[in-house]
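These notes concern the structure reproduced below.
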Amino acid sequence: MATRTIAESVPDARGRFGAYGGRYVPETLMAPLEDLERAYNEARSDASFRQEFDDLLHNFAGRPTPLQFASRLTQYLGGSKIYLKREDLLHTGAHKINNCIGQGLLAVRMGKRRVVAETGAGQHGVATATVAARLGLACTVYMGAEDMERQRLNVFRMRLLGAEVIGVDAGSKTLKDAINEAMRDWVTNVRTTHYLLGSVLGAHPYPAMVRDFHRVIGREARDQILHAEKRLPDWLFACVGGGSNAIGLFNDFLDDANVRMVGVEAGGRGTALGEHAARLAAAAGFAGAKPGVLQGTYTYVLQTADGQISTTHSVSAGLDYPAIGPEHAWLADRGRAEYTAVRDDEAIEAVKTLAKIEGIIPALESAHALAELMRRAPKMRRDEIAILNVSGRGDKDMEILARYE
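Shown next, in the form of structure tokens:
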């Protein structure tokens, strides 16, 4: 009997990644989630579904994305050879389109005529609106009022693509509150509507399903680095909000023990609770994270002393979320991936550095991973190889960056 890989060992039949994950939802959502799990399992083994998914990734989204050797950044940092996985070059400007194509096709297969989604930075909302237009689905996107203000360009793009964008004024007016409203909409309209969740979060099967649709990132990166360097990389770096781009990159390298994986969270303005969105970076001094349930899954959640969900802060709307995908919690506990955090000002400086040195303006989310790589690269051996996932482009962040000039 063949030995299962680390990636194949999770989730289990209950949707668990070790102690994490599962399905913590109201009774009314149990049947729809079971229907979704059944439909996904049938689709993933259907050659025609996989062929249509691959065709849209190639001909609509623009895959494969390049693995670019960053020669000037390598020289600037004086350490290891640095490669950039250019997910920012995909249609709509971020890795989010991979998952949206997959779930969009699944919605059509299930006979749903409408999708609802939530978005923080707007990249998932734009990708959802784009795929909905391509597949002829009605689309509603929920977005925190604060995020709508700091990502106005993406709000305009979603509406241009035909989506209804609904602002959420509750709570912190960010991603967590947008997810709550999207889930309420789904509960009300579940017979006609698919909830197109944007990260490796939520109740089973979402964390595994979203991961699977993003595995193409790591598969391509693995083939590309073997072609370019004839060996695997020593390091992988990716930002982690919910964690979809990082899981997508990491997944095909989990069994390669010599490949070190670094997930980078939002360190915000400081280590005190409420000033950051770092869930797994407690070793770096960031306070407030412990296991708990949020929005359908059991994972690390930023909480107050009496167990209330904490407010968060990040200059990057896509990382501004109090919980993390359950597979990341499991990888952290196993010591297979390392998690740290980068402050707002460090991320902004990283954007400026990559722009001036390589002619690439990354999203603020991606810049968190870049800033951590910039800390470490000068200490690495020159024969080491690092891959940074540039998960999205920075056009959407121009107004924010201008305030820091």
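Going by our numbering, the first residue of the sequence shown is number 639, and it counts up by one from there. All C-beta atoms, glycine included, are put in the ideal place defined by N, C-alpha and C.
- In this structure G956 does not touch E987 by the C-beta definition: roughly 18 Å separates them, more than the 8 Å allowed.
- Its chain contains V825 as the residues whose beta carbon lies nearer than 7 Å to that of T666, once the 5 sequence neighbours on both sides are disregarded; these appear in chain order.
- In this structure, T703 places its C-beta atom within 8 Å of the C-beta atom of L727.
- Linking A961 to A708 through their CA atoms gives a straight-line distance of about 32 Å.
- Fewer than three beta-carbon pairs drawn from the stretch 793-801 and the stretch 813-830 are found closer than 8 Å, and the two stretches are therefore not classed as touching.
- If you ignore the 5 residues before and after G659, its C-beta comes within less than 7 Å of the C-beta of P649, G653, H842, P845, T935, Y936, P964, all in its own chain and listed in chain order.
- Following the DSSP letters along the chain, one finds F851 inside the alpha helix (DSSP H) bounded by residues 844-867.
- With contacts defined by Cβ atoms closer than 8 Å, S882 and H852 form a contacting pair.
- For the set F687, S718, G906, A759, the Cα lying nearest the Cα of G742 is the one of F687.
- The beta carbon of A677 sits closer than 8 Å to those of L744, R747, M748, all from its chain and outside the five residues before and after it, given in chain order.
- Taking 8 Å as the cut-off, the Cβ atoms of F888 and G856 count as close.
- In this structure, H966 and H914 do not form a Cβ contact; the two beta carbons are roughly 16 Å apart against a cut-off of 8 Å.
- Listed in chain order, the alpha helix (DSSP H) runs fully inside the stretch 958-1026 are 964-972, 982-996, 1002-1014, counting runs of at least 4 residues.
- For E1037, the closest of T812, I735, M786, M781 by C-alpha to C-alpha distance is M786.
- In its chain, beyond the 5 residues on either side, R898, A1024 have a beta carbon closer than 6 Å to the beta carbon of W873.
- In this structure, the straight-line span from the alpha carbon of R974 to that of V779 is close to 35 Å.
- For the 8 Å CB-CB criterion, E976 and V900 form a contact.
- Within a 10 Å sphere around the beta-carbon of K994 sit fewer than 16 other beta-carbons, which makes this residue exposed.
- K734: not part of any beta strand (DSSP E); member of the alpha helix (DSSP H) spanning 734-747, first to last residue.
- Taking the CA atoms as reference points, L892 sits about 12 Å from A970.
- Residues of the same chain with a CB within less than 6 Å of the CB of I644, apart from the 5 flanking positions on each side, are L892, D893 in chain order.
- Taking 8 Å as the cut-off, the beta carbon of Y662 is found no closer than this to the beta carbon of K814.
- Assignment of Y678 by DSSP, reduced to helix, strand and coil, places it in the helix class.
- With respect to the C-alpha of A801, the residue from G700, T830, H762 having the closest C-alpha is H762.
- DSSP links H832 through a beta bridge to V753.
- By the neighbour-count criterion, in which 16 or more other beta carbons inside 10 Å mark a residue as buried, H696 falls on the exposed side.
- DSSP places R898 inside the beta strand (DSSP E), whose first and last residues are 898-906.
- Listed in chain order, the non-local C-beta contacts of E1010 below 8 Å within the same chain comprise F875, V900, V902, T978, V980, local neighbours out to five positions each way being set aside.
- Exclusion of the five residues before and after R1019 leaves S718 as the residues of its chain whose Cβ lies within less than 7 Å of its Cβ.
- Beta-bridge partners of F875 (DSSP): V900, L1026.
- Take E858, set aside five residues on each side of it, and the residues of its chain with a beta-carbon closer than 6 Å to its own are P702, in chain order.
- Nearest neighbour of N896 by Cα position, chosen from L870, G945, A904, T949, turns out to be L870.
- The three-state secondary structure of Y662, taken from DSSP, is coil.
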